[in-house]
Amino acid sequence: MRICIISEGSYPIVRGGVSEWTQQLIKELHFVDFDIFCLAPTGQETWLAEYEKPANVKSVKIRGLATQRPLTRKSAVLPKAISDELVVCMAAVLNGTPIDCERLASAVKSDHPIYKAWLTSKEYWDFLVNFYETNWGASDFSEYFWAANSIFSSLLDTATLARQVPAADIYHSLTTGSSGFIGCLAKIIHRRPFVVSEHGLYMKERELDLAKQDITPSVKNQILNYYKSMVMTCYEQADFLIPVCQDHASKEVELGVDPKKIRVVINGIDSDKFTPGATKIPGTPMVGCFARVVPVKDQLMLLNAGKNVLDGCKADFVFAGEIQDKEYYKECQDLVEKLGIGENIKFIGHSDNMLDLYRRADIFVLSSQSEGVPLALLEAMSCGLPAVCTSVGGVPEILADTVTGFLVQRGDVENMSAKISTLLRDENLRKKMGSKAREFVIENYTIGEMSRKILKIYNELNTRETKSNGSS
Amino acid sequence: MGAPSVNLKQIIIKITRDIDKNALRHSALFYVPSLATTLVSFLLFSAFKGFNPYEHNKLQVIIMASIIVSLVSVAGIQFLINKVVGEASQSEDRINQKTAASGFIKLAVIISAILSIAVSVILYKYFNQAIHLSALEFLLFMILGLFYSVIWVLTAAFWAWGLYKYPAIIYVISYFAIFIFSYFGYRLSPSDFIIGYAGGVALLVVLLSFFSWKFFRGKEKTKPLIENARKLPNLIAKNYWGILFQTFFILAIFLDKIIVWISEGTKVGTGIQFTGVYTTGAFLGLIPTFSLVALAYFTEKVKPLSKGMYSGTLQELRNRIQEYKQIYTEGLVTMLSIGFGLLAIVVILGQLIIRNTDVTLITLTIGVGTLFFEVILFNAFILPVFHKSHISAIAMFIVCLAEISTLLLVRDNVWFASLGFLVGSEAGLLLSHITTRKMLAEFDYNAFRAFQLDN
């Protein structure tokens with residue numbers, strides 16, 4: 007069996023939960039062949055040295071998502087039938103409804119730049135103007151035009167990239183965004199099954215990203231509709247959806263996904279590797295926040311909570327995790343300076359020895375605005391750490407409030423600081439919660455269990471496909 | 012949205028009612044330098060009769076050749092100056108942009124000086140053997156070419172910034188001085204006429220340089236020349252159609268005359284001969300170009316409209332486009348009406364005063380061609396909006412080509428040179444105007460398409 011993993015800005019180019027999850031899965035399923043097709047930000051198209059390439063990875067293609075092909079001066083004159091197909095697909099994007107992948111795949115037959123040149127054609131202009139007059143008549147036309155242009159440019163880039171996805175038995179996308187959309191098209195092109203894992207809720211995360219951007223509401227809506235359109239296309243096209251927690255599964259059902267298509271597969275970790283260390287070194291307790299430095303992890307909230315904590319307790323806050331958003335990191339640094347807590351706050355960036363950090367920490371904290379099942383939380387719990395986390399995504403399914411740690415509402419600075427302070431003041435409570443946390447992980451979240459479930463899905467799809475091919 | 016329709020009566024009523032005095036003043040000032048140059052040149056060549064015909068021709072060759080050679084050699088640079096300084100003047104941060112513009116102007120002056128010297132050196136053999144210019148005369152030709160190159164560049168910089176008053180005053184003062192200096196030179200000895208003339212031109216260079224230094228020097232230090240020079244290849248790559256247009260435009264104006272002058276010069280053995288008939292007829296025929304004042308007026312009037320042209324709803328945008336098209340039609344009709352009127356006056360007065368049907372025929376042919384030629388120029392202002400600068404360049408190239416095609420016919424009858432200009436201008440006009448109308452008919456689509464290609 008040959009599986010093509012389609013990733014977007016994660017494995018194997020960036021460290022993080024999804025990348026770890028993928029590496030573990032591939033290693034665990036060493037008897038299955040994998041191809042990797044990764045969409046990368048331009049300039050980041052290299053395999054990260056940190057991830058040793060497993061022997062069962064047979065091919066790797068890392069492609070820049072923004073290919074930035076220049077438009078040709080000559081407008082592409084596409085046959086009317088193809089132009090019409092494209093117009094239908096674009097209308098779906100602007101409406102936030104699923105894209106007809108059969109149409110798009112039949113229209114975009116090669117990766118020739120002609121499809122982008124179509125964006126300068128009269129047919130495209132007329133379509134845009136008609137859509138504007140019907141739906142956006144009162145908003146700024148230039149803004150609408152440029153937003154639509156960049157959306158469709160990206161869509162056509164993505165669609166043409168799908169032509170480069172290698173032949174495989176099953177296509178497995180790691181998100182419902184562009185990689186999911188490529189998976190949908192690969193399914194149509196190669197007539198093979200397609201599954202998509204949702205480690206986080208793509209729509210939710212994009213909404214949070216956009217909320218912070220300085221763009222007009224109408225443009226924001228346009229972009230959100232684009233994301234929605236891609237997500238809904240994935241939901242429609244996927245043979246199975248693999249959310250990492252029940253919370254995500256429920257949200258997918260709310261969005262209209264057939265529950266029969268959903269297979270929840272909870273993340274797993276290596277509990278033999280992530281074990282508690284020797285007795286803690288006496289001294290100032292350490293609060294660890296181990297997550298990528300990006301807005302969705304909301305380190306700003308934790309810094310504000312940290313200020314309250316430090317007013318009453320002694321503690322060192324250590325933030326470990328790749329600094330992926332430099333601007334956001336700067337915002338965090340500015341806040342640290344403004345709050346005057348620089349002495350007790352350390353951003354150490356990515357660490358090659360996370361196990362050591364887990365063992366040195368006394369409390370694990372996660373202030374994310376959106377999550378799936380965070381591997382860092384599972385690893386921390388496996389190392390016997392009590393945790394204080396925002397109650398988002400699959401977190402409440404792993405962290406039992408008041409048993410293995412505390413749950414607080416997203417953005418609730420006061421409660422988060424109160425819960426951290428409680429744990430800092432009570433060493434026994436920390437030990438008790440930490441020990442229960444480890445027990446819980448060993449019982450429920452192992453890599454073996456996770457990999458078996460995924461393999462079962464692959465086998466089910468492969469058998470189904472073989473049968474349907476045989477019967478036809 | 013259809014192409015603009017023409018209702019002459021309505022347009023004339025509207026123009027008189029909505030006349031933009033500021034735009035009119037700017038466009039009038041824009042023509043002062045050309046008027047001063049033409050008037051003084053005419054006076055100089057007609058008032059001083061003390062030369063023998065051979066010397067007279069030689070003097071004309073030195074002055075006219077230096078003007079034409081410098082104009083052709085710096086045409087591309089002039090276009091770039093217009094682009095760079097024009098864009099800087101539109102910037103919100105005009106003070107700092109002035110410093111940036113000043114850096115580019117310095118570079119442009121140096122390049123144009125080098126180009127002018129290089130072209131002169133290339134022409135040396137011809138000027139020495141065919142026209143028999145002495146080393147001193149050739150040196151004077153070279154110096155004048157150098158001066159004029161600097162003058163064209165600096166004048167272009169002032170105009171590009173939207174400053175018409177400075178060059179107008181400077182040209183009037185300097186050309187008055189050129190006349191006086193030439194006169195005193197001539198009084199000393201006819202052979203010193205050219206020294207006086209060069210002195211006057213030098214004054215023009217000095218005044219333009221001083222005022223451009225005074226005006227364009229910013230508060231900050233300009234970037235080193237090398238930094239501006241590094242940007243030049245990219246600038247040329249982005250604007251090569253514009254550069255070609257400007258070069259062909261200058262060539263198209265003079266090519267018919269050069270062909271006649273050389274043809275006549277070969278016949279009589281002077282290398283270049285300024286024939287009375289063709290030169291008089293051709294320059295009279297160019298008088299309708301003064302109606303290009305309407306283009307200057309149009310460009311001034313659309314300036315405020317162009318700012319924020321594409322903001323707001325589609326309806327608001329289309330309203331502005333409608334207004335733009337209206338101004339375009341008004342400008343074009345005004346220009347052609349003035350041009351036609353001027354041509355009629357020139358032809359009638361010319362025939363009455365000069366009483367030479369050959370001259371009148373050449374005036375008429377060149378004059379009609381000039382009206383067509385002006386439309387190409389007018390459209391050349393609009394076509395870049397739609398990424399169609401190449402159409403204007405090709406149109407001008409067609410004019411040049413048609414002029415060159417008369418090379419063999421001119422030996423028999425100089426009128427063919429003017430016919431070449433007329434036919435070429437008509438063909439160029441067809442290409443340019445069909446494209447412009449097509450672009451204007453779907454202005455919004457074509458403009459946004461051009462933006463897409465820019466990005």
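Chains as they are written, first to last, in the working numbering: chain U, 7 to 478; chain S, 12 to 466.
Just so it is clear, CB atoms sit at the ideal spot from N, CA and C, and this is done for glycine as well.
None of these values were measured; they are calculated from a predicted model.
Contact annotation for U:T126 against chain S: R460, Q463, L464 [CB-CB distance below 8 Å, chain order]. In this model, S:W170 and S:A179 are separated by some 10 Å (Cα to Cα).
Listed in chain order, the non-local C-beta contacts of U:H356 below 7 Å within the same chain comprise R21, G327, E328, local neighbours out to five positions each way being set aside.
For U:G189, the uninterrupted alpha helix (DSSP H) run begins and ends at 184 to 196, by DSSP. The beta carbons of S:K399 and S:T446 sit closer together than 7 Å. Taking the C-beta atoms as reference points, S:L155 is found no nearer than 7 Å to S:A111.
Taking a Cβ-Cβ threshold of 9 Å, the residues of chain U close to S:L328 are F147, S148, in chain order. In the DSSP annotation of this structure, the continuous segment of the beta strand (DSSP E) that includes U:F246 starts and ends at 246 to 249.
Using a C-beta cut-off of 8 Å, the region 12 to 26 of chain U makes contact with the region 173 to 185 of chain U, since at least three inter-stretch Cβ pairs fall below that distance. Taking C-alpha positions only, U:R436 is separated from U:N273 by approximately 24 Å. For the region 146 to 177 of chain S, the continuous alpha helix (DSSP H) assignments of 4+ residues that do not extend past its boundaries occur at 146 to 172, in sequence order.
Residues are counted here when their Cβ sits less than 7 Å from a Cβ of chain S; for the region 149 to 163 of chain U these are F151, N155, given in chain order.
Here U:Y177 is bridged, per DSSP, to U:C10, U:F200. Residue state for S:V72 is assigned as helix, using DSSP reduced to three classes.
Taking 9 Å as the Cβ-Cβ cut-off, the region 443 to 456 of chain S approaches chain U at E453, D455, Y456, given in chain order. By the rule that beta-carbons nearer than 7 Å mark a contact, S:Y321 touches chain U. In its chain, beyond the 5 residues on either side, A86, G87, F90, L91, I247 have a beta carbon closer than 8 Å to the beta carbon of S:I254. Using a Cβ distance threshold of 7 Å, U:P392 and U:M439 count as a contacting pair. With a threshold of 7 Å between beta carbons, S:L255 makes no contact with chain U.
Under a criterion of Cβ atoms nearer than 9 Å, the residues of chain S adjacent to U:G143 are, in order, T324, L325, Q326. Counted as a single uninterrupted DSSP element, the beta strand (DSSP E) harbouring U:V66 occupies residues 63 to 70. Taking 7 Å as the threshold, the shortest C-beta distance from U:W53 to chain S does not fall below it. Within the region 273 to 360 of chain U, complete alpha helix (DSSP H) segments of at least 4 residues are found at 305 to 318, 332 to 345, given in chain order. Contact between the region 353 to 368 of chain S and the region 404 to 418 of chain S is not established, with fewer than three Cβ pairs separated by less than 8 Å.
Cα atoms of S:K117 and S:E453: separation of roughly 41 Å, rounded to the nearest angstrom. In summary, S:E437 is buried, with 16 or more beta-carbon neighbours lying within 10 Å of its beta-carbon over all protein chains present. As DSSP reads the structure, U:F133 sits in no beta bridge. For U:W27, there are no neighbours in chain S by C-beta distance under 8 Å, as the nearest C-beta there is about 38 Å away. From the beta-carbon of U:V24, no residue of chain S is found nearer than 8 Å; the closest lies around 33 Å away. Counting along the chain, U:C44 sits inside the beta strand (DSSP E) bounded by residues 39 to 46. In this structure, the straight-line span from the alpha carbon of U:E260 to that of U:L45 is close to 29 Å. In this structure, S:F285 keeps its C-beta atom at 7 Å or more from the C-beta atom of S:Y197. Of the residues assessed, S:W224 falls on the exposed side of the cut-off, its CB having fewer than 16 other CB atoms within 10 angstroms.
S:I206 and S:S77 have their C-alpha atoms some 14 Å from each other. Annotation: the continuous beta strand (DSSP E) that includes U:G411 extends over 411 to 414.
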